[in-house]
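Okay, structure first, notes after.
2 protein chains.
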Amino acid sequence: MAGRPREFDRDQALEKARDAFWTRGYEGTSMADLVSALGLASPRIYAAFGSKENLFREAVVLYETREGSFATRALAEEPTARRFVERLLRDAIEVYTRPDLPRGCMVVSAATNCAVENDGVLRWLAERRRARNTLIVERLRKGIRDGELKPDTGPEVLGDYYTTVLFGLSVQARDGVPKERLHALVTVAMQVLDARLSGKP
Amino acid sequence: MAGRPREFDRDQALEKARDAFWTRGYEGTSMADLVSALGLASPRIYAAFGSKENLFREAVVLYETREGSFATRALAEEPTARRFVERLLRDAIEVYTRPDLPRGCMVVSAATNCAVENDGVLRWLAERRRARNTLIVERLRKGIRDGELKPDTGPEVLGDYYTTVLFGLSVQARDGVPKERLHALVTVAMQVLDARLSGKP
DNA sequence: ATGATTCTTTATCGATCGACAAAGAATGAA
DNA sequence: TTCATTCTTTGTCGATCGATAAAGAATCAT
């Protein structure tokens, strides 16, 4: 029932695939690219991952549970909405500009332009971006409920605002803007929230 | 010396190509897509535009002189840095969400992920994004020089900030976020600049 | 009218795309 | 040891990629 054991490490192969997709995007990475990046003949890749699309989806999930997990980590570890947002943005910058990893956010940049036949992948990533937005909005809503933030600006608007900054950071990082500049810009962006601190809590 | 006249309108064909590339990106738009979108056999396209890459570059230039010209227009028509930035962002939203055009910014989204062989196109678009940043920075620098803006935050930082918001708006528009939400977020983003108005002039 | 020139049409080029068939090799279960 | 199972290897599939050759059609200059 067991059969011949796989000779390569599936997790390591998935990491290499993630890097390839992260760098070149879904359609920009061909099977030939994957064969050379993973060091595996294509039938071995298909045997282990089913299809290029499924490999991509697994790679994105890996990205989200590793590099892309800063959002949920900030949510768990930061006690205030103010600190959550800043932590989120600054951790994002660190990930987007790490010299040993592809630049920018994989979820933002891996499938922005796609042929018609891959619209499914495109929408799947868009959903994940929307989830990021929802996460931020919910945390801000809690901040208002807790009395940390003044309620005069809706959490949806503030959430849209910081989500937009987050996505913009990915584009900027991908263009090679150094992280110092991105951090400086985040300092400025945080003043929007500072102006809405109730000062009471 | 004249030869047979061309039977189709080159400018109209270029517009259709711009829409196709704007929607699907450079690599996401195949020659077959262009043949059907332009209604022209591929040899006619090659005769008129040389290559797919050259057609794309012409399409981007067309985009910049039409839909993407809001930045230079804001620069020419708005008397203050404050008004320039808001006009820039709000006009951008209008373009990015026009129901009769593809969503988002063509320069931001038409070549974010690319195969290795098309890195040239990718870098060419990145340069154009950098030019937008420079434009914004220069206008802010003038605003500081004129005494409109307090000099305590450098124009580079503020420019990076609004460029990042602009790029983020493109991602959000492409994801289908309605323009009302984007305008609301811009209102919030403008407070960063409001806090830096000297109030003197 | 004729010839040079340019556009249009038809047919197709080699390369690459994602994906897989078939056979050989290595394992565990019986 | 035998067999079912699974992985690896080799070779290749049809479709599509961007791009063009070659021939016919339409224009202008002479």
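Note that the protein sequences, when read in sequence, are chains A and B.
The first sequence maps to residues 1 to 201 in the UniProt record's numbering.
The second sequence maps to residues 1 to 201 in the UniProt record's numbering.
Don't be surprised by glycine CBs; every beta carbon is placed ideally from N, CA and C.
Through-space distance from residue j to residue i, alpha-carbon basis
i: B:T65; j: A:I93; result: 33 Å
i: B:A173; j: A:R6; result: 45 Å
i: A:V188; j: B:M190; result: 11 Å
i: A:S42; j: B:I144; result: 58 Å
i: A:R103; j: A:W22; result: 8 Å
i: B:R196; j: B:Y96; result: 28 Å
i: A:L55; j: B:N113; result: 17 Å
i: B:L149; j: B:E53; result: 43 Å
i: A:D160; j: A:R44; result: 43 Å
i: A:L140; j: A:L158; result: 8 Å
i: B:V107; j: A:T134; result: 27 Å
i: B:T163; j: B:V192; result: 13 Å
Exposure label - residue i; buried when at least 16 CB within 10 Å
i: residue 269 of chain A; result: The first residue shown for chain A is 1 and the last is 201, placing residue 269 of chain A beyond what the model contains.
i: A:M31; result: exposed
i: B:A13; result: buried
i: residue 213 of chain B; result: The structure shown has nothing for residue 213 of chain B, since chain B only spans 1 to 201.
i: B:P178; result: exposed
i: B:P99; result: exposed
i: B:D194; result: exposed
i: B:D170; result: Asp is not the amino acid found at residue 170 of chain B; the sequence shown has Ser there. Flag for B:S170 reads buried.
i: A:A131; result: exposed
i: B:D146; result: exposed
i: residue 264 of chain A; result: The structure shown does not extend to residue 264 of chain A, since chain A spans only 1 to 201, so no value can be given for it.
i: B:P155; result: buried
i: A:S109; result: buried
i: B:G68; result: buried
i: A:G199; result: exposed
i: B:A2; result: exposed
i: B:G168; result: buried
Within chain A, partners of residue i - CB distance below 8 Å
i: B:D160; result: Q172, V177, R181, L182, A184, L185
i: B:A167; result: In the sequence as displayed, the identity of residue 167 of chain B is Phe instead of Ala. By Cβ distance, chain A contributes F167, G168, V171, Q172.
i: B:R130; result: D175
i: B:S36; result: Simply none; closest approach about 11 Å.
i: B:T134; result: Simply none; closest approach about 12 Å.
i: B:S153; result: Per the sequence presented here, residue 153 of chain B reads as Thr, with Ser not at that position. Ordered by position in chain A, the residues that pass the 8 Å Cβ test against B:T153 are V188.
Residues that residue i contacts on chain B, provided the C-beta gap is smaller than 8 Å
i: A:R24; result: N113, C114, A115, V116
i: A:S109; result: T112, N113
Under 7 Å by beta carbon: chain B residues contacting residue i
i: A:Q191; result: V192, A195
i: A:T164; result: V165, G168, L169, Q172, L185
i: A:G28; result: E27, N113, C114, A115
i: A:A126; result: D175
Opening and closing residue of the alpha helix (DSSP H) in which residue i lies
i: A:M31; result: 31-38
i: A:F8; result: That residue, A:F8, is in no alpha helix (DSSP H); it is neither H nor E in DSSP.
i: A:G150; result: The residue you asked about is not Gly; residue 150 of chain A is Lys in the sequence shown. Segment: none, A:K150 is in no alpha helix (DSSP H) and carries neither H nor E.
i: B:F189; result: Strictly speaking, residue 189 of chain B in this sequence is Ala, with Phe absent from that position. Where B:A189 is concerned, the enclosing alpha helix (DSSP H) stretches over 179-194.
i: A:P43; result: 42-49
i: residue 217 of chain B; result: Missing from the structure shown is residue 217 of chain B; chain B here goes from 1 to 201 and no further.
Check: residue i C-beta below 6 Å from any heavy atom of the ligand SAM
i: B:R174; result: In terms of ligand content, the structure shown is empty, and the ligand SAM therefore cannot be addressed.
Chain B contact residues for residue i, given Cβ-Cβ distances below 9 Å
i: A:A92; result: Here the premise fails: no neighbours, minimum Cβ distance about 12 Å.
Neighbouring residues, chain A, relative to residue i (Cβ below 9 Å)
i: B:V157; result: R181, A184, L185, T187, V188
Is the stretch 109-121 of chain B close to the stretch 19-33 of chain B, with three or more CB pairs under 8 Å?
Using a C-beta cut-off of 8 Å, the stretch 109-121 of chain B makes contact with the stretch 19-33 of chain B, since at least three inter-stretch Cβ pairs fall below that distance.
At least three beta-carbon pairs within less than 8 Å, the stretch 73-82 of chain B to the stretch 34-49 of chain B
Segments in contact, no.
Contact between the stretch 81-89 of chain A and the stretch 54-61 of chain A is defined here as three or more beta-carbon pairs at a separation below 8 Å; is this criterion met?
Cβ pair count under 8 Å is below three, so no.
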